[in-house]
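Residue numbers (my numbering): 1173 to 1392. Every residue, glycine too, gets a C-beta built ideally from N, C-alpha and C. Here the structure is a predicted model, which is why all the values come from computation and not from measurement. Worksheet for the structure shown next.
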Amino acid sequence: MASLDKFGPLTERAWLMIIIAGYLCMSFAYSTCNPAFESPDEIHHFSYVSYLAREQRLPVAELGGPESEFHQPPLYYLIGALIVAPLGDAGDPNAIIERNPFWAWRIGDVGTDNKTQFVHTPAEAWPYQGWALQLHVIRWLSAALQIITLLATYWIGREIFPREAATRLGSLAFVAFLPQFIFVSGSVSNDNLIVPLSTLALCLLIRCIRLGPCKGRALL
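What follows is the structure, encoded as structure tokens:
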């Protein structure tokens, strides 16, 4: 790849790797600093993975049953279960961690009430063990999956701006360092597979528009 005069002597490939490395550092920092299950619905996403690893079958979402993510497509959770299954049985996280009885946060209100949903103990501290280790392994998996989003974003930039390296790298950096994107990437959430696959689908659509449809692209 050609050098970027505006960004010094580094090549475009070097800047691509720097942006992705910066994203990984920040997403791992978020995943480390964010207490267990404080991301949106994280305890339910983790429970889905734990169920698959423990029971080795798909769960059933029951009418009137407890809140869960069992209605979600299973691919993200199956990948997570395959990775954490060798680490042992994490158990049901709802029975492991205590809910904060004083949590009363309303998302639309500004207030000084307690913002953590759960009571956090040294059991979730480094060095991670048991369910805490499994939680962070899945968080790391989520961060790794979102690299696909970044590469697909860069690919879209090459399709739309083939002669403007600074523009496509700037677009990539914009996505990579969005705080909410990094926060979710460091959490257990099936958004971390939905977003990469959606971005890849957008890549293929743009390529079909630019080059025309063919059997290979239609199959993908």
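Residues near residue i in its chain [Cβ-Cβ closer than 7 Å; skip 5 each side]
i     : result
R1340 : Y1326, G1329, R1330, F1333
R1379 : E1331, R1389
P1398 : Because the chain is modelled from 1173 through 1392, residue 1398 falls outside the range shown and cannot be assessed.
Three-state class that DSSP yields for residue i in the structure shown
i     : result
S1175 : Note that S1175 has pLDDT 43, beneath the 50 cutoff, so the model's placement of it is unreliable and no number is given.
S1211 : coil
C1197 : helix
N1266 : helix
R1379 : helix
H1216 : helix
L1230 : coil
V1282 : coil
A1225 : helix
P1351 : helix
Host alpha helix (DSSP H) of residue i (start-end)
i     : result
H1308 : 1302–1332
P1238 : It is not in any alpha helix (DSSP H) - P1238 carries neither H nor E in the DSSP assignment.
G1358 : Segment: none, G1358 is in no alpha helix (DSSP H) and carries neither H nor E.
R1340 : 1337–1348
V1256 : 1247–1256
R1389 : 1387–1391
Residue(s) in a DSSP beta bridge with residue i
i     : result
R1271 : F1290
Contact set for residue i: own chain, Cβ-Cβ below 8 Å, skip 5 residues either direction
i     : result
R1271 : Q1289, F1290, V1291
S1240 : H1216, S1219, Y1220, P1231, A1233
A1201 : G1358
M1173 : Note on M1173: pLDDT 44, under 50, position unreliable in the model; no value is reported.
R1382 : E1331
CB of residue i within 9 Å of CB of residue j, strictly
i     : j     : result
L1224 : G1252 : yes
R1226 : A1262 : yes
P1265 : W1312 : no
A1316 : L1372 : no
F1209 : L1307 : yes
P1343 : D1213 : It should be pointed out that residue 1343 corresponds to Ser in this sequence rather than to Pro. Cβ atoms of S1343 and D1213: not closer than 9 Å.
I1319 : I1255 : no
L1322 : I1191 : yes
L1365 : Y1248 : yes
L1374 : L1392 : no
P1238 : E1296 : no
Residues of its chain near residue i, where Cβ-Cβ distance is below 6 Å and the 5 sequence neighbours each way are ignored
i     : result
M1198 : I1354
V1347 : T1325
S1211 : S1359
S1222 : A1262
CB contact check: residue i to chain B, cutoff 9 Å
i     : result
G1260 : In the structure shown, chain B does not exist; there is a single protein chain.
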